[in-house]
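Residue numbering for the sequence shown is 92 to 814, as defined by the numbering used here.
C-beta atoms are modelled at their ideal positions from N, C-alpha and C, and glycine is treated no differently.
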Amino acid sequence: MSKSLVLAEKPSVARDIARVLGCHKKGNGFLEGDRYIVTWALGHLVTHADPEGYGQEFKEWKMEHLPIIPEPFKLTPIKQTSKQYNAVKAQLRRADVKDVIIATDAGREGELVARWILELAKNRKPIKRLWISSVTDKAIKDGFANLKDGKAYENLYEAAAARAEADWVVGINATRALTVKHNAQLSTGRVQTPTLAMIAERERAIQKFQPKPYWGMQALTEAGRFTWRDTKGQTQLFDETVIDAKMNALDGITEGKIIDLKSTPKSQPAPPLFDLTELQKEAHRRWSWSAKETLSTLQNLYERHKAVTYPRTDSKHLTADMTSTLKDRVKAVEIGPYRKAVNLLLRKGPVKPQKGVINDSKVSDHHAIIPTEETPSLHSLSDKEQRLYDIIVKRFLAVFYPPFQYEQLSAELQAGSEIFTLKGRTVTDEGWKAVYSSDEEEADTDALPAMKKGETLQIRAFSRTEGKTKPPARFNEGTLLAAMENPAQFMAGESKELIKTLGETGGLGTVATRADVIERLFGMFVIEKKGNDIYTTSKGRQLLELVPEDLKSPALTAEWESDLSKIAAGKLKKDQFIRTMIDFSKKTIVDIKSDDTKFKHDNVTGKMCPDCGKPMLEVNGKRGKLLVCQDRECGHRQTISTLTNARCPNCKKKLELRGHGDGKIFVCKCGYREKLSSFEKRRAQTTGKKADKRDVQKYLKKQENEEPENTAMADALKKLFDK
Numbered sequence: 092m093s094k095s096l097v098l099a100e101k102p103s104v105a106r107d108i109a110r111v112l113g114c115h116k117k118g119n120g121f122l123e124g125d126r127y128i129v130t131w132a133l134g135h136l137v138t139h140a141d142p143e144g145y146g147q148e149f150k151e152w153k154m155e156h157l158p159i160i161p162e163p164f165k166l167t168p169i170k171q172t173s174k175q176y177n178a179v180k181a182q183l184r185r186a187d188v189k190d191v192i193i194a195t196d197a198g199r200e201g202e203l204v205a206r207w208i209l210e211l212a213k214n215r216k217p218i219k220r221l222w223i224s225s226v227t228d229k230a231i232k233d234g235f236a237n238l239k240d241g242k243a244y245e246n247l248y249e250a251a252a253a254r255a256e257a258d259w260v261v262g263i264n265a266t267r268a269l270t271v272k273h274n275a276q277l278s279t280g281r282v283q284t285p286t287l288a289m290i291a292e293r294e295r296a297i298q299k300f301q302p303k304p305y306w307g308m309q310a311l312t313e314a315g316r317f318t319w320r321d322t323k324g325q326t327q328l329f330d331e332t333v334i335d336a337k338m339n340a341l342d343g344i345t346e347g348k349i350i351d352l353k354s355t356p357k358s359q360p361a362p363p364l365f366d367l368t369e370l371q372k373e374a375h376r377r378w379s380w381s382a383k384e385t386l387s388t389l390q391n392l393y394e395r396h397k398a399v400t401y402p403r404t405d406s407k408h409l410t411a412d413m414t415s416t417l418k419d420r421v422k423a424v425e426i427g428p429y430r431k432a433v434n435l436l437l438r439k440g441p442v443k444p445q446k447g448v449i450n451d452s453k454v455s456d457h458h459a460i461i462p463t464e465e466t467p468s469l470h471s472l473s474d475k476e477q478r479l480y481d482i483i484v485k486r487f488l489a490v491f492y493p494p495f496q497y498e499q500l501s502a503e504l505q506a507g508s509e510i511f512t513l514k515g516r517t518v519t520d521e522g523w524k525a526v527y528s529s530d531e532e533e534a535d536t537d538a539l540p541a542m543k544k545g546e547t548l549q550i551r552a553f554s555r556t557e558g559k560t561k562p563p564a565r566f567n568e569g570t571l572l573a574a575m576e577n578p579a580q581f582m583a584g585e586s587k588e589l590i591k592t593l594g595e596t597g598g599l600g601t602v603a604t605r606a607d608v609i610e611r612l613f614g615m616f617v618i619e620k621k622g623n624d625i626y627t628t629s630k631g632r633q634l635l636e637l638v639p640e641d642l643k644s645p646a647l648t649a650e651w652e653s654d655l656s657k658i659a660a661g662k663l664k665k666d667q668f669i670r671t672m673i674d675f676s677k678k679t680i681v682d683i684k685s686d687d688t689k690f691k692h693d694n695v696t697g698k699m700c701p702d703c704g705k706p707m708l709e710v711n712g713k714r715g716k717l718l719v720c721q722d723r724e725c726g727h728r729q730t731i732s733t734l735t736n737a738r739c740p741n742c743k744k745k746l747e748l749r750g751h752g753d754g755k756i757f758v759c760k761c762g763y764r765e766k767l768s769s770f771e772k773r774r775a776q777t778t779g780k781k782a783d784k785r786d787v788q789k790y791l792k793k794q795e796n797e798e799p800e801n802t803a804m805a806d807a808l809k810k811l812f813d814k
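So this is what it looks like as structure tokens:
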């Protein structure tokens with residue numbers, strides 16, 4: 092009997108699909124049933140060959156070899172996962188396999204994962220596509236009942252392949268040219284370099300900013316503090332003498348009259364559903380999570396718990412064909428803290444979202460991130476998963492509630508010839524904010540005291556207010572994501588030359604890649620964090636001086652991203668795009684060769700690399716300080732200090748862990764110091780369990796290699812230090 096081979100992206104998804112399809116027989120890298128064989132990738136199993144794959148002469152980095160232009164590009168198995176690639180290839184070549192069903196992530200990169208495997212394995216069998224937005228049993232069954240023709244996704248594959256080839260051509264050539272010329276590890280790329288340029292541009296705007304002082308006035312009454320405004324509605328003036336003259340004119344006035352009271356009804360709809368970028372921004376705003384941290388947590392909710400839909404989406408809308416599933420999704424979250432909101436919603440009648448949520452024209456590959464029809468077990472979610480799931484569920488429930496309605500109130504007080512205003516609001520219908528009634532940050536209490544038109548108020552005092560205009564804020568990971576999503580809008584008014592050709596053509600990277608780009612910039616040590624703010628390093632600033640102007644332009648990169656979208660839509664040929672990228676790469680090499688700018692390491696230490704003997708560089712990594720070898724071919728690095736989740740008992744800031752072996756010690760900027768051995772003793776006293784070496788090593792390894800999270804060890808540390 093002939094069978095279909097199903098290719099999933101990860102083993103966990105493959106197991107779910109195999110269970111639904113009744114594939115229980117285990118094989119070498121696959122699960123088999125009567126009608127289907129389910130196998131899997133491990134992310135990418137196949138990649139582009141390195142330069143030496145096109146000739147051994149390219150193994151040595153030399154300027155005369157550049158640019159390297161593969162014609163055609165070669166694919167090769169990734170060495171570390173070649174065993175699984177061979178397992179997939181063996182199943183593809185089985186005589187009883189009649190066709191292939193691509194079941195990798197339903198997106199551009201997921202398409203590339205599968206198609207590269209099929210291309211390298213020389214598959215000639217028909218292809219079908221499983222396109223689903225969640226991995227619940229119901230979604231899998233419905234998806235297999237409505238498989239798509241693989242030909243419908245060939246343009247998507249072309250766009251994915253074009254992106255990969257463009258990144259290779261631009262990144263490999265420019266990186267080799269810069270590294271060879273300056274004998275330093277200088278990496279550049281189609282998306283990462285313009286992103287770095289935006290951060291540097293923001294820093295320049297801050298440095299050039301000249302604060303301007305401004306002044307205003309207030310009238311303090313028993314009804315509240317009224318703010319002065321002029322005839323144009325301005326509350327601040329940049330001329331101090333004018334305000335002083337007005338203050339002098341008010342001297343001796345002790346009462347004012349309410350000359351106007353206004354009450355304007357206002358209505359505010361629920362915020363839109365989350366796409367990935369908006370969710371990453373919200374998680375950073377609330378908890379200072381990195382973009383990668385949010386995506387990793389979201390991926391667990393999607394794959395492991397089946398609690399939410401596909402993460403890597405750029406849409407905040409739903410499609411019309413989902414309408415029939417919405418009630419089931421609402422019922423699925425009738426648990427724990429959401430039970431009251433769901434009950435209120437179901438009692439009101441049909442489950443219908445607010446206007447604009449259903450919009451097919453604003454959904455490309457995937458709809459917004461919402462709960463699935465499957466009820467999760469909340470106690471099985473980690474603390475981070477619960478928090479992220481909570482804001483997704485509340486945002487989802489909110490769109491089914493009526494608008495938040497209130498009366499916008501304003502009172503005008505005349506004192507002498509000057510007008511002062513006091514504003515407030517009274518809630519008339521809580522609407523969708525009822526979903527957030529338990530959240531302190533959603534509280535609304537801003538009513539005005541009772542007043543009547545014509546009433547006289549006693550004025551206790553007039554006060555002069557003053558301040559200074561502020562520079563634009565430094566980027567943090569949340570605002571940087573927003574800037575990458577829409578550089579033109581975010582940088583308008585402060586960087587016109589940089590974005591003059593941009594318009595609204597597109598963003599930098601995609602929702603699926605932006606988190607990795609930011610992490611790569613940290614890993615290259617061209618940016619660093621101070622608190623939540625992002626700063627360029629000396630290496631980053633020098634790199635931008637060495638890179639040709641076009642390569643660091645967000646405008647040009649956003650146009651390329653727009654071209655990739657056109658390829659996916661069948662409106663642009665891949666070959667045409669790649670020719671443009673090759674020409675650009677050739678010009679870049681010429682520019683780098685002819686540039687006389689020098690690169691200088693300004694972070695060289697007196698410590699020598701134990702592997703090659705060259706001086707080490709001290710750098711600020713995202714999780715602490717490191718020593719790295721300046722020789723790109725050596726690559727040796729060692730940790731100096733690691734930023735932990737443990738909090739200082741004095742100033743509550745995160746503690747650094749420094750030293751090696753038994754000499755490890757927690758250190759705070761405020762001067763507090765705590766030996767690791769002391770921590771172990773206090774942990775034993777608090778928990779009744781002594782931390783053995785395995786516990787400590789596991790904790791330290793997690794601190795060095797992962798994003799911060801609320802682990803049991805971190806919680807124990809916090810309790811100890813709080814005491």
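Task: Reduced DSSP category for SER554 - H, G, I as helix; E, B as strand; rest coil - done: strand
Open item on the list: Does ILE344 pass the burial test, meaning 16 or more other C-beta atoms within 10 Å, or should it be called exposed?
Closed with: exposed
Task: Alpha carbon of GLN667 to alpha carbon of HIS139, nearest angstrom - done: 20 Å
- [ ] Grab the span of the alpha helix (DSSP H) containing GLN298 for me, first residue to last.
- [x] 283-299
Open item on the list: Taking a contact to mean a Cβ-Cβ separation below 7 Å, would you say VAL617 touches LEU634 in this structure?
Closed with: yes
Task: Burial state of ASP107 (16 or more Cβ within 10 Å) - done: buried
Task: Boundaries of the beta strand (DSSP E) in which LYS744 is found, first to last residue - done: Where LYS744 is concerned, there is no enclosing beta strand (DSSP E), given that its DSSP letter is neither H nor E.
Open item on the list: Residues in the same chain with beta-carbon distance under 7 Å from THR688, minus the five sequence neighbours each way, listed in chain order, please.
Closed with: GLU636 and LEU637
- [ ] Could you round the C-beta distance between ILE192 and LYS219 to whole angstroms and report it? I think they count as a contact, below 8 Å.
- [x] 5 Å
Task: Residue nearest to THR466 in terms of C-alpha spacing, selected from ALA310, SER528, ARG438 and VAL399 - done: VAL399
- [ ] List the endpoints of the continuous alpha helix (DSSP H) containing TRP207.
- [x] 199-211
Task: GLN547 burial status per 10 Å Cβ neighbour count (16 or more: buried) - done: Checking the displayed sequence, the identity of residue 547 turns out to be Thr instead of Gln. It is exposed - the Cβ of THR547 has fewer than 16 other Cβ atoms within 10 Å.
Open item on the list: Rounded to whole angstroms, what is the Cα-Cα separation between GLU294 and GLY280?
Closed with: 21 Å
Task: ASP190, DSSP secondary structure in three states - done: strand
Task: Spatial neighbours of ILE673 in its chain, beta-carbon cut-off 7 Å, leaving aside the 5 residues before and after - done: ILE160 and VAL260
Open item on the list: Going by beta-carbon coordinates alone, are ILE349 and LYS544 separated by less than 7 Å?
Closed with: yes
TODO: May I ask which residues mark the beginning and end of the beta strand (DSSP E) holding SER354?
DONE: 346-359
Task: 6 Å Cβ shell around THR91 - same chain, five flanking residues per side excluded - done: Since the first residue shown for the chain is 92 and the last is 814, residue 91 is missing from the structure and cannot be characterised.
Open item on the list: Cutting at 7 Å between CB atoms, please list the residues of its own chain near TYR429, excluding the five before and the five after it.
Closed with: VAL484 and LEU488
Task: Reference SER554, options TRP306, LYS150 and GLN147, closest by Cα - done: TRP306
- [ ] Taking 8 Å as the threshold, find out whether the stretch 453-461 comes into contact with the stretch 400-410 through three or more Cβ pairs.
- [x] yes
Task: Stretch pair the stretch 643-656 + the stretch 282-290: three plus CB contacts closer than 8 Å - done: yes
- [ ] Could you spell out the range, first to last residue, of the alpha helix (DSSP H) harbouring TYR480?
- [x] 474-489
Task: ASN567 vs ASP654 beta-carbon contact at 7 Å - done: no
Open item on the list: Beta-carbon within less than 6 Å of GLU331's beta-carbon, same chain only, minus the 5 sequence neighbours each way: which residues are those?
Closed with: TRP306
TODO: For ILE680, name the three-state secondary structure that DSSP assigns.
DONE: helix
TODO: State the start and end residues of the unbroken beta strand (DSSP E) segment that holds LYS624.
DONE: The residue you asked about is not Lys; residue 624 is Asp in the sequence shown. It spans 624-627 - the beta strand (DSSP E) in which ASP624 sits, taken as one unbroken run.
Open item on the list: What does DSSP give as the partner residue(s) for ALA310 in the beta ladder?
Closed with: PHE317 and PHE553
- [ ] Going by DSSP, name the residue or residues bridged to SER501.
- [x] LYS353 and LYS514
Task: Member of PRO304, ILE756, THR270 and ALA660 whose CA lies at the smallest distance from the CA of SER769 - done: ILE756
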